[in-house]
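Structure record follows, encoded as structure tokens.
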Amino acid sequence: MKRLLSATALAVASTVLAAAPAHADTVSKVNCDGNDGSGLTASQYVAMIASKPCVFVEFDRTAKRATAKGLSRPEPGQGAVTQLALFRRPCGGSWMRVAYAPDADGWFGEQRDVAQTSAAQGSGRVQWYASGKFSTRVNGTIVAKRLKTGVVGAC
Numbered sequence: 130m131k132r133l134l135s136a137t138a139l140a141v142a143s144t145v146l147a148a149a150p151a152h153a154d155t156v157s158k159v160n161c162d163g164n165d166g167s168g169l170t171a172s173q174y175v176a177m178i179a180s181k182p183c184v185f186v187e188f189d190r191t192a193k194r195a196t197a198k199g200l201s202r203p204e205p206g207q208g209a210v211t212q213l214a215l216f217r218r219p220c221g222g223s224w225m226r227v228a229y230a231p232d233a234d235g236w237f238g239e240q241r242d243v244a245q246t247s248a249a250q251g252s253g254r255v256q257w258y259a260s261g262k263f264s265t266r267v268n269g270t271i272v273a274k275r276l277k278t279g280v281v282g283a284c
């Protein structure tokens, strides 16, 4: 039993680290089934990411590159990332989808996956957000939910 708990804790920690920003000059936003993680302790945040479908947007200001990540729920068939998109807009401009990954982690895969897509900033100041579609099978019917992150970047 202890070995199973340790393996589960290690899997959750590695998933969270894969979804966390990699650089100090990276800003990010998250939406885990409607929760943005604000006001949570570190352990509550880890538990939230481990139990809910999540979508992240990260912007690395040094590399001038944004990444969208989708994180499925741990149970097979319960919240697979079936679409993942990254949106960008120049200051004062319109939102445009710049990266898209259909069926990002494989339809109802047997494991919890981190799906991702990314795009370069281009010229000028821009803002970013990510959108993920999570699909679940309920009594043979596919039910989908779309999660969007908050906006990163400033004008």
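One point on numbering: in the working numbering, the residue at position 66 of the sequence shown is 195, and numbering is uninterrupted.
Don't be surprised by glycine CBs; every beta carbon is placed ideally from N, CA and C.
Bear in mind that the values here come from a model prediction, so they are computed numbers and not experimental data.
Local conformation of residue i per DSSP, three classes
{"i": "S247", "result": "strand"}
{"i": "A176", "result": "helix"}
{"i": "E239", "result": "A caution first: E239 carries a pLDDT of 45, below 50, which makes its placement in the model too unreliable to give a value."}
{"i": "P150", "result": "Below a pLDDT of 50, predicted positions are generally treated as unreliable, and P150, at 49, falls in that range; no measurement from the model is reported."}
Check whether residue i and residue j have beta carbons under 8 Å apart
{"i": "A283", "j": "L215", "result": "no"}
{"i": "D154", "j": "P182", "result": "no"}
{"i": "S247", "j": "T196", "result": "yes"}
{"i": "A209", "j": "S264", "result": "yes"}
{"i": "V156", "j": "V281", "result": "yes"}
{"i": "C220", "j": "R194", "result": "no"}
Same chain, Cβ closer than 6 Å to residue i, neighbours up to 5 away in sequence not counted
{"i": "Y174", "result": "G166"}
{"i": "R218", "result": "W224 and Q256"}
{"i": "L276", "result": "N160, V184 and G261"}
Beta-bridge partners of residue i, as assigned by DSSP
{"i": "N160", "result": "V184"}
{"i": "L215", "result": "A228 and A259"}
{"i": "D189", "result": "T155 and R194"}
{"i": "V281", "result": "W257"}
Residue nearest to residue i in terms of C-alpha spacing, selected from the options
{"i": "V227", "options": "N164, Q212, A249 and R254", "result": "A249"}
{"i": "D189", "options": "I271, G251 and R266", "result": "G251"}
{"i": "K198", "options": "A171, K262 and G168", "result": "K262"}
Beta-carbon proximity list for residue i, same chain, < 7 Å, skipping 5 on both sides
{"i": "W236", "result": "For W236, the predicted model reports a pLDDT of 49, less than 50, meaning its position is unreliable and no value from the coordinates is stated."}
Contact with chain D by residue i, beta-carbon distance below 8 Å
{"i": "G279", "result": "Of the protein chains in the structure, only one exists, and it is not chain D."}
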